[in-house]
Amino acid sequence: MAPEPSQPAASQDPAAPAKPVPAEQQATPGLRKLAATGSRLYRITANSQVEEYTGTAGSWTTIRREPTDRLITNATTLYATDSGSGNILEYDRAKKTWTVIGGPGADFAATADQLYGVSPDHSAIFEYSGTPGLWHPAGEATDRIFTNATTLYATNTTDRNIQQYERAKKTWTVIGGPGADFAATADRLYGINPDHLGTYEYSGTPGVWYPVRGATDRIFTSGTTLYTTDTTSGKLYEYDRTKKSWTAIGDRLSAFAATKDRLYTVSADRSTIHAYSGTPGTWFPINSPAPDVLPS
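The opening residue of the sequence shown carries number 133 in the working numbering; numbering runs sequentially from there.
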């Protein structure tokens, strides 16, 4: 990196329930089969149903029986995409109901207050209005989108530079170059450079990124903390930003999710979901076997 700068830019939206998009046209970078809100953990099982973890090891409650592809979350809300139609639905946990709010999308991501989707052909980004079926254009050709609690980020389809969206002004600013992956805490954005040789933190000034770690395979975040996996050992590391230090806390994994006070991973062989005890190296299983979880 440092994710090196350049630039981004409405069209076919993930709006009202639309026709199914052929599988070969649907991108999967945003695919999530293990996901968490601030207080709840969810998974998609091997038979494509959605389940919620009860908090007791081995105990899960089915909340959606229809085949489901993806889970998208913010701190309070769960969204899912239907396997058949590709439509996106919002879960009302109090009522135990699902509402179709839009059609298929190549990627989805949510801030604390807004849900965004990339059109199936990647030609545009749309913002959900809060009214089922009504989405407003927010950006042009986009590869992937990323969010934290307040901000939307996107990589464009031409040079893959990363851009930040200022919702009040409806403007985009290029803040860095291409990256193998990006992830954000509540107030920090991180990226891996394209060759995976380093992890960088965005300074807040476009084009200025600071190195925080060397060779990195994948990055994950909770609301407050950055986590990475090592390219050689596959171990999971936690970043202490105050001390600028890294601590190995877990073994190789295939998926990751975080509530406000707990980390969860799926083992590399996808056989078990583990919860982190808070002590490096100590994790306890909360269910086995795990759902058919794809890498996040």
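For every residue, glycine included, the Cβ atom is placed at its ideal position computed from N, Cα and C.
Under the Cβ criterion (8 angstroms, minimum of three pairs), the region 254 to 267 counts as touching the region 231 to 244.
In this structure, the alpha-carbon of A189 lies about 11 angstroms from that of T404. Judged by beta-carbon spacing, Y322 lies beyond the 8 angstroms limit of I277, meaning their Cβ atoms are not closer than that value.
Closest option to D201, judged by alpha-carbon separation, among K301, T186, Y211: Y211. When rounded, the separation of the alpha-carbon atoms in G249 and V232 is 14 angstroms.
Of the residues assessed, T353 falls on the buried side of the cut-off, its CB having 16 or more other CB atoms within 10 angstroms. In the three-state scheme derived from DSSP, where H, G and I count as helix and E and B as strand, V344 is classed as strand. Around the beta carbon of D275, 16 or more other beta carbons sit within 10 angstroms, so the residue counts as buried. In the DSSP assignment, L166 forms a beta bridge with R175. Here T229 is exposed. Its C-beta has fewer than 16 other C-beta atoms within 10 Å. In this structure G265 touches G234 by the C-beta definition: roughly 7 angstroms separates them, less than 8 angstroms. Per the C-alpha coordinates, the member of K165, G271, W267 positioned closest to V306 is G271. Taking a C-beta distance under 8 angstroms as the contact criterion, I418 and Y185 qualify as a contact pair. Counting only the Cα atoms, R299 lies some 26 angstroms from A167. Burial of A312 is indicated by the presence of at least 16 other C-beta atoms within 10 angstroms of its C-beta. A straight line joining the alpha-carbon of P412 with that of G187 spans about 21 angstroms.
The Cβ atoms of Y260 and T283 do not sit closer than 8 angstroms to each other. For K376, the closest alpha carbon among the candidates G308, L358, E183, H268 is that of L358. When the Cα atoms are used, A389 and W267 turn out to be separated by approximately 28 angstroms. In the DSSP annotation of this structure, the continuous segment of the beta strand (DSSP E) that includes D275 starts and ends at 274 to 279. Rounded to the nearest whole angstrom, the CA to CA distance from G170 to A281 is 11 angstroms. DSSP places H268 within a strand segment (E or B) once states are collapsed to three. Under the three-state reduction of DSSP, L329 is assigned to coil, being neither helix nor strand. From the listed residues G336, D327, H406, K392, the smallest Cα separation to D383 is found for H406. Take T289, set aside five residues on each side of it, and the residues of its chain with a beta-carbon closer than 7 angstroms to its own are H254, A273, T274, D275, in chain order. Of the residues assessed, T356 falls on the exposed side of the cut-off, its CB having fewer than 16 other CB atoms within 10 angstroms. Beta-bridge annotation (DSSP): H406 is paired with T397, P417.
Going by DSSP, E259 is part of the beta strand (DSSP E) stretching over 257 to 260. Within 10 angstroms of the beta-carbon of Y408 lie 16 or more other beta-carbons, which makes it buried.
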